[in-house]
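Trainee: Residue numbers (full-length UniProt numbering): 1 to 1180. Just so you know, even glycine gets a beta-carbon here, dropped at the ideal spot from N, CA and C. The structure presented is a predicted model; accordingly, all values stated were derived computationally and were not measured.
1) DSSP on residue 992, reduced to helix/strand/coil?
2) Got a sec? Which residues, its chain only, sit under 7 Å from residue 374 by beta carbon, not counting five neighbours each side?
3) Does residue 597 come out as helix, strand or coil in the three-state DSSP assignment?
4) Any contact of the region 398 to 412 with the region 260 to 277, i.e. 3+ C-beta pairs under 8 Å?
5) So the alpha helix (DSSP H) residue 342 belongs to, where does it begin and stop?
6) Given residue 865, which residues of its chain have a CB within under 6 Å of its CB, disregarding the five upstream and five downstream residues?
7) Would you say the region 730 to 748 touches the region 73 to 80, given that touching needs at least three Cβ pairs under 8 Å?
8) Does the beta-carbon of residue 185 have 16 or more other beta-carbons within 10 angstroms, so that it is buried, or is it exposed?
9) Compute the beta-carbon to beta-carbon distance between residue 124 and residue 69, rounded to the nearest angstrom, for a pair I have assumed lies under 8 Å.
10) Excluding the five sequence neighbours on either side, which residues of its own chain have a C-beta within less than 7 Å of the C-beta of residue 290, listed in chain order?
11) Among 699, 632 and 206, which one has its Cα closest to the Cα of residue 1185?
12) Write down every uninterrupted run of the beta strand (DSSP E) in the region 689 to 752 whose length is 3 residues or greater and which is fully enclosed by it, in chain order.
13) My output table needs one value for residue 828: the three-state DSSP class, helix, strand or coil.
14) Compute the distance between the beta-carbons of residue 813 and residue 884, then report whether it is under 8 Å.
15) For residue 707, which residues from the same chain have a beta carbon less than 8 Å from its beta carbon, with the 5 sequence-adjacent residues on both sides left out?
16) Can you give me the start and stop residues for the alpha helix (DSSP H) that residue 123 sits inside?
17) Below 8 Å between beta carbons: does that hold for residue 625 and residue 718?
18) Can you tell me where the beta strand (DSSP E) holding residue 653 begins and where it ends?
19) Opposite residue 190 in the DSSP bridges: which residues?
20) Alpha carbons only, please: which of 704, 721 and 672 is nearest the one belonging to residue 728?
21) What did DSSP end up calling residue 937 once you bin it into helix, strand or coil?
22) Determine the closest residue to residue 464 out of 328, 435 and 330, with distance taken between C-alpha atoms.
23) Just curious, the alpha helix (DSSP H) that residue 487 is in, first and last residue?
24) Quick check: the Cα distance between residue 442 and residue 456, rounded to an integer number of angstroms?
25) Quick one: residues in its chain with C-beta nearer than 7 Å to the C-beta of residue 635, no 5 flanking neighbours on either side, listed in chain order?
26) Spatial neighbours of residue 558 within its chain, please: C-beta separation below 7 Å, excluding the five flanking residues on both sides.
27) Which class does residue 86 belong to by DSSP, given the choice of helix, strand or coil?
28) Along the chain, which unbroken stretches of the beta strand (DSSP E) at least 3 residues long are found entirely within the region 942 to 984?
29) So residue 657 packs on residue 667, CB below 8 Å; how close in whole Å?
30) The alpha helix (DSSP H) spanning residue 59 covers which residue range?
31) Which whole-angstrom value describes the C-beta separation of residue 166 and residue 41, a residue pair presumed to lie in contact below a C-beta threshold of 8 Å?
32) Out of 614, 565 and 130, point me to the one whose CA is closest to residue 605's CA.
33) Suppose the cutoff is 8 Å on Cβ atoms and the five residues either side in sequence are ignored; what does the same chain contact list for residue 198 look like?
34) Checking 8 Å against the spacing of the C-beta atoms, do residue 937 and residue 918 come in under that value?
35) Taking all protein chains shown into account, do 16 or more other C-beta atoms lie within 10 angstroms of the C-beta of residue 595, making it buried, or fewer, making it exposed?
36) Based on DSSP bridge pairs, tell me the residues matched to residue 684.
Here it is as structure tokens:
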């Protein structure tokens, strides 16, 4: 039967046999009334049964743990915080990285970032089988029935649903949690191993050893007290120095004797100061400290000098101490082998602040206690580390790994205990030394079988009995150790039998001074007897005597056949003791040999990372760092280079410039050479010297300072400036770095400097997220504006987009006022030119009371307005009226915002209808709102020009016209001429202020505007000009009023309008028409006109064509002569000959400020060159 039919049989069967009833009563309930519900419930139960099957879980677990992959994606917070200095930068985006390839603590870091909402980590469920197909599909094939009937296929489909449900609902979710826990545990295991290795690197170093005297001298000069001071057989005497990199805190030096006690100490308050300090007091104080330190060294005679490796200043201290030792070798006969070592003070700083150190040295400051710890650490690192293992657990304060806080306190304590037990039991502990040197007593607690409590009891028992440990038997008789404890610890407790000598009457067991366990003493004696068996007296020797003899000549033990001895012991029932016998022989040859690594001075790389407190993971080539500029590096020029120097003269200032240091304030050439001779020239700049936060010095070569060529670094940086740069080279031996501050290197778009990324890094997702973020930022920027509190019917607190939508419902010419994205001191006026075209005008506020109020004065460009109503009435409304005239003109055409293609289609069609006429059309420009495109077709090619609507009228080809028809009339007469290339006022800034009178009053001193050229420049340009003209130009450049060649002309004043020569204006064009001071024409009172070759329309008679600017020298001279020729009257007359002043015509008066043309454009479109007076929002 089919599955559904089977379900129906259970649900719909009306007559049940007793067996069916019993069966149904057990399996059927009313929660599954339909056949589909029955099938769903059956599928669920089968999937649950499969998921609970142990064999299934085991196989799926193995496959899932081996083949699953993880994907990583940053959150919005993670995108900002995970930069290239973050440890997870290389794993910021991951795509299907196999979990088997996770290394070290990577997954723990990912988990921490996920908990901090920086990343999201996903485990894939689409694992592959060995054949390449999906693992679930492979499992389904094992569960299917291998038949091809329809019923079987339907049942197989149901089985497949069971497998899908089993894996996706039960197995995979559970295995994800299990795998996550497993990966976290593996990461923690890595941290444990790393911490163990870090601690082992400290304590697996043997005590410092040095031989200051030759062996022959030791034998010959046993009675010499001076020579005894330099013997190092029992240990070394250490002079240790500790400091902090602060000139206000005194450094301390102390002498740690052979027993680890402090003999004496010295306070050095000025040790960190420089010998060549700028202040004499600092130099004297430094010398005083060095003299005190020299006397201290002379008196105490240390075997080695240890300096705490706190910072880079340790190098300077080491250099000073070496200088003192060198002088003492020459003057006092000190050994030349006394070395100066820089020691890691990580443990010493913790030890100096521990309660144990405070109790031991109550009167010592922390810095002096640190110096003591540094000296002891050099004598024996194992002893000093063990001192931190107190009840306060100071050893746990040591930073072994950056993520060790994710280990529990018990786990970290177990790591420390395990490492210390391994090393201490390997080295052994001399109990008698623990009695005489209390600071070594902490070692005893790590002996196997003892612990802190039993170790303390053992030492108390020996102190109470006032005896020393002379043999291991006393551990039971005197110290009362139990048999099990004795068996565990006896082999690791060392007794120095050679030091006992004749001071005791008891039998001295030489094997108590070895690592041989008391249980194996008989085997050791047997080996000694057998080694001497070949000799004549070998058979008669006693085991003890044989052992004494064999310890003197242990080479004989190498001849023994230990394999045969081990076989005999195994035959006797002692088990396999082969390894034990070999260890006994080694121990008899090298009694309690210290297997720790001999002390070695730090390599340059190790010293670099110690003093900078950096590591290879935190300081690497390519890392971006902050640096402070401390100076400019120069290369001194000498000899032939100076002789070949070529100083240059600056034309603008007339001063001379040094070709090396680029100093440019020399009035005479001779002073440049004096600058060389006196040594005042620092030379040619080669780069910038910088200082990093970690104390390193750096250098940025001139070629790496910027992507552009730099000759003078002072133009780019200044002393004290903080800059970003990347490390190009790390010079560990010189403690310096080479950097680059190029913009291209800082951005590093090609990933040449940034840390390498993971092989499974998802570049595509990162690129897509960056594009989305940039687009989002653009949208946010477009919507950014500060809401204002302004009460005005035209004001709206909306942005650019909302303003455009609101304009769609308004009529042309209407305007609104809104906030500007430029800030709280700007507003934007948006007015509608025509449908789909709006102009945005920037309004600058001044005299604001607060950020939200309206300014007391409003400015559009350089025009001032009192309030918003004046802007609308005097600026927007006239300009909208001009635009309305253009829109209603008979030749206006809608070209969809001034599209050239649309315009050309219209003109070509008109030309086709009437070829004898030059057709032209006007259309509104969408690219430049407020401008109208004037397009015409003179022959075959359409030409386009712009006519700008302004509050004063229309501006065309740099000239102003009252009406559009006047502008078009001028266009019809001059369309054949090329448009003038005159810069606008907004670009050049040469238009005069509107409130400045065009003609000066009688009380004003004469003034001639400067054209920005020096006298030398004028001479170079006018070398071939007549002398009279050359003199005139020179007078102009020096600020004097030039005398006109027409001496009889009664001209006394000139216009203040600046003059800018253009491509069509001769260089010698006069600056303006002079006027009499006392009889100004009424039409020119209080006005200032732009000197751009056109006359304002209100000052011209009607239908008068404006005078063109002359195009060559001849026309320029004629025009100049005609304007300069005096008339019979004292007051110059208008050239139009009407006898009246056009400005005095009725109704022609305008506001003086209305003659300053202002170009507008929509603030969301970039304007062409010269049209930059609009007020765009930052994003529009």
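Mentor: The relevant details are as follows:
1) Low local confidence applies: a pLDDT of 33 at residue 992 is under 50, so the model's placement there is unreliable, and no value is given.
2) 240, 242, 306, 308, 343, 345 and 348
3) strand
4) no
5) Note, residue 342: premise wrong, no alpha helix (DSSP H); beta strand (DSSP E) at 339 to 343.
6) 858 and 871
7) no
8) exposed
9) 5 Å
10) 320 and 324
11) In the structure displayed, the chain extends from 1 to 1180; residue 1185 sits before or after that span and is not available.
12) 697 to 701, 722 to 731 and 736 to 740
13) strand
14) yes
15) 742, 743 and 744
16) Segment 119 to 123 is the beta strand (DSSP E) holding residue 123; no alpha helix (DSSP H) there.
17) no
18) Per DSSP, residue 653 belongs to no beta strand (DSSP E) and is neither H nor E.
19) Answer by DSSP bridge pairing: none, since residue 190 is not bridged.
20) 704
21) strand
22) 435
23) 483 to 489
24) 9 Å
25) 683, 684 and 686
26) none
27) coil
28) 943 to 950, 953 to 956 and 959 to 961
29) In fact, because the Cβ distance is near 12 Å, the residues do not count as touching under 8 Å.
30) 54 to 67
31) Not quite, the Cβ-Cβ distance comes to about 15 Å (not below 8 Å), so this is no contact.
32) 614
33) 400 and 401
34) yes
35) exposed
36) 635
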